[in-house]
Amino acid sequence: MVTNSKAELRAKKKEYREKAREGLNRGDEKFLPPKERGPQKKFARDYTDARYSVGEFMVPLAVAVVVLSFMPNAEIQAVAIYTFWAFLAVMIIDAAIAGARVQKLANAKWGENVEKLKLYTAMRTIQMRPMRIPKPQVRRGEYPE
């Protein structure tokens, strides 16, 4: 006789989801999506997480610009908007440099048959460090070899 099978199944699914979430945050290969797996992607993640990136500060700056745009002074609004655009340009340049650097280091480490890591690295540099998934596995300054 089957009793509480739905409840047991629900509990097992919940337990697996929790385990998968923790594994994803730890960077466990088993729980990573296919686009995040492999030693080359781990290298790109670790390199990105070891450096400071301009893009990490984009969201706080955007909030500040929104607040400043409500100021009644047009000069303050203009400075905020121009600062935002300048910051955006610097962020794009920083992301491109980081992507090119990671690609160059990966090519040196694994040869020419390396995945394309430029865009992957650039997208990770734009994310705020606490919001990255999988969570950073290295401290600032601990670059991978």
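Residue numbers for the sequence shown follow my numbering, so the first one is 38 and each next one is one higher. Ideal placement from N, C-alpha and C gives every residue a C-beta, glycine not left out. This one's a predicted model, so the numbers in the text were calculated from it and none came from an experiment.
Item, Value
"Of all the options Pro167, Ile134, Ser90, Tyr180, which has the alpha carbon lying nearest to the alpha carbon of arginine 63?", "Pro167"
"Consult DSSP for glycine 60 and reduce its assignment to one of helix, strand or coil.", "helix"
"Of the residues Leu105, Ser42, Lys153, which one's Cα is nearest the Cα of lysine 141?", "Lys153"
"Using 8 Å as the threshold, is the stretch 73-92 in touch with the stretch 131-151, meaning 3 or more CB pairs across them?", "yes"
"Out of curiosity, what's the CA-to-CA distance linking valine 151 and valine 139?", "11 Å"
"Check glutamate 45 in the structure and name its three-state DSSP category.", "helix"
"Please go through the stretch 81-142 and give each complete alpha helix (DSSP H) segment of 4 or more residues, from N-terminal end onward.", "95-106"
"With three or more C-beta pairs closer than 8 Å as the rule, is the stretch 124-137 touching the stretch 47-61?", "no"
"Between which two residues does the alpha helix (DSSP H) harbouring leucine 156 extend?", "155-163"
"Is proline 70 buried or exposed, if buried means 16 or more other CB atoms sit within 10 Å of its CB?", "exposed"
"Any contact between the stretch 173-181 and the stretch 156-163? By contact I mean 3 or more CB pairs, one from each, below 8 Å.", "no"
"Can you grab the Cα-Cα spacing for the pair serine 90 / lysine 43, in whole Å?", "47 Å"
"Measure the alpha-carbon distance for alanine 123 versus valine 100 and round it to whole angstroms.", "16 Å"
"According to DSSP, is tyrosine 180 part of a helix, a strand, or is it coil?", "coil"
"Buried or exposed for alanine 115, going by 16 or more other Cβ atoms inside 10 Å?", "exposed"
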